[in-house]
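Here's the structure we're looking at; comments come further down.
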Amino acid sequence: MTHPTSQSDLCHRCCLSRRDCLKVLSLSAVGAGVAGGVMAAPVATPGKSEFIDPASLRPKPQVRVAATFLELPRPYWLGWPGTAYDLDQHQKEYSALLAQSAQRTGVQVGLEPKPIHSEADLGQWISKVKAQGPHALLVMLQHMHCWAWVSRVAKETALPLIVFAPVGTAFTGHVGGAARLPRVHIISSLEWSAVEAGLRMVRAKRMFEETRVLWIRAKERNETVMERLGMKVRAIPRDTFNQEFDKQPATE
């Protein structure tokens, strides 16, 4: 009685076609390789003695935003959403949402304890924020006739301004003028997430301002600031970079 002496012989005796035989041989080779990998001892890799997480290099600037509500002297009538619109309740709700967004984004928000409801109050607030120098402003409208105040804030402070105008306080005729002013971002919505996105934009702008880009070029040495982004670009001579690189010790 004879026995097969090879896998090819086995395939032949089992009446496998040439193609099926190749499949069997391939699977056998793969299985052997996997088994060998499982049984092999793990290969030690050298550790990084001076590993730097790139995320740790990301700028973490201070971001300050001054905020307030704008409303007319009470009591007043709201054409829409109507007299049933609870001003105090909505201001309480938006204040809580603002505090949560500030915590999530890492933005320091200074909210005025009372709404602004007169030209005199608005003038005092404008003087206050100009003296404090926040990175942006946030005004939350509680009446459709406050848009003239929005334009005044934008023009007199020259600071980035986020305008949250819930439904009922922003119609085409009111929004048109302020929407064309520079540095003004208008949100006409009931979705608070859009306001938080505005805070993130302010934070992103601050991160750009704290970012430095190294430009290795010929023999130049200077520093310029990118328009609008505020990001600084520092040029150094090519030889300077090579010399500093050569000074660095070798590590694992």
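Reminder that position 240 of the sequence shown reads as 536 in the working numbering, one-by-one numbering, no gaps. Even glycine gets a Cβ: it sits at the ideal position worked out from N, Cα and C. For clarity, every value in this text was computed on a predicted model and none was experimentally measured.
*Rounded C-beta distance between residue 433 and residue 361? I'm assuming under 8 Å.*
Locating residue 433 in the sequence shown gives position 137, where the first residue counts as 1. Locating residue 361 in the sequence shown gives position 65, where the first residue counts as 1. About 7 Å separates the two Cβ atoms, so the contact holds.
*Between the beta-carbon of residue 411 and the beta-carbon of residue 365, is there less than 9 Å?*
As a first step, residue 411 must be located in the sequence shown, where it is residue number 115. As a first step, residue 365 must be located in the sequence shown, where it is residue number 69. Taking 9 Å as the Cβ cut-off, residue 411 and residue 365 qualify as a contacting pair.
*Helix or strand or just coil, what does DSSP make of residue 448?*
As a working mapping, residue 448 is identified with position 152 in the sequence shown. Looking at residue 448 - three-state DSSP - the assignment turns out to be helix.
*Report the rounded CA-to-CA distance for residue 468 versus residue 517, giving the unit in angstroms.*
For the purposes of this step, residue 468 is identified with residue 172 of the sequence shown, where counting begins at 1. For the purposes of this step, residue 517 is identified with residue 221 of the sequence shown, where counting begins at 1. When rounded, the separation of the alpha-carbon atoms in residue 468 and residue 517 is 51 Å.
_By DSSP's criteria, residue 406 is part of a beta bridge. Which residues make up the other side?_
Your numbering for residue 406 matches position 110 in the sequence shown. Per DSSP, 362.
*Classify residue 450 as buried or exposed, calling it buried when 16 or more other Cβ atoms lie within 10 Å of its own Cβ.*
As a first step, residue 450 must be located in the sequence shown, where it is residue number 154. That one is buried.
*From this set, 369, 446 and 488, which residue's C-alpha is nearest residue 397's C-alpha?*
In the sequence shown, residue 397 corresponds to position 101, counting from 1. The shortest CA-to-CA distance from residue 397 to any of 369, 446 and 488 is the one to 488.
*Please look up how many angstroms separate the CB atoms of residue 363 and residue 406, rounded, as I've assumed it's under 8 Å.*
The count along the sequence shown starts at 1 and reaches residue 363 at position 67. The count along the sequence shown starts at 1 and reaches residue 406 at position 110. Taking 8 Å as the upper bound for CB-CB distance, residue 363 and residue 406 are in contact here, some 7 Å apart.
*Confirm, please, whether the CB-CB distance from residue 464 to residue 440 is below 9 Å.*
What you label residue 440 is simply residue 144 of the sequence shown in a count that begins at 1. What you label residue 464 is simply residue 168 of the sequence shown in a count that begins at 1. It is a contact, given that the beta carbons lie within the stated cut-off.
*Beta carbon of residue 542 nearer than 9 Å to that of residue 515*: Sequence index remark: in the sequence shown, residue 542 carries index 246 (1-based). Sequence index remark: in the sequence shown, residue 515 carries index 219 (1-based). No.
*Rounded to whole angstroms, how far is the Cβ of residue 492 from the Cβ of residue 401, which I believe are closer than 8 Å?*
As a working mapping, residue 492 is identified with position 196 in the sequence shown. As a working mapping, residue 401 is identified with position 105 in the sequence shown. Yes, residue 492 and residue 401 are in contact; Cβ-Cβ is about 7 Å, under 8 Å.
*Going by CA-CA distance only, name the one from 395, 546, 544 and 528 that's closest to residue 509.*
Along the sequence shown, read from residue 1 onward, the residue named residue 509 stands at position 213. Minimum Cα-Cα distance from residue 509 among the listed residues 395, 546, 544 and 528 corresponds to 528.
*What is the rounded straight-line gap between the Cα of residue 478 and the Cα of residue 457?*
For the purposes of this step, residue 478 is identified with residue 182 of the sequence shown, where counting begins at 1. For the purposes of this step, residue 457 is identified with residue 161 of the sequence shown, where counting begins at 1. Approximately 9 Å, taken between the alpha carbons.
*asked:* As a quick exercise: from 403, 511 and 472, pick the residue whose alpha carbon is nearest that of residue 503.
replied: The residue given as residue 503 occupies position 207 in the sequence shown. Nearest in C-alpha terms to residue 503, of all of 403, 511 and 472, is 403.
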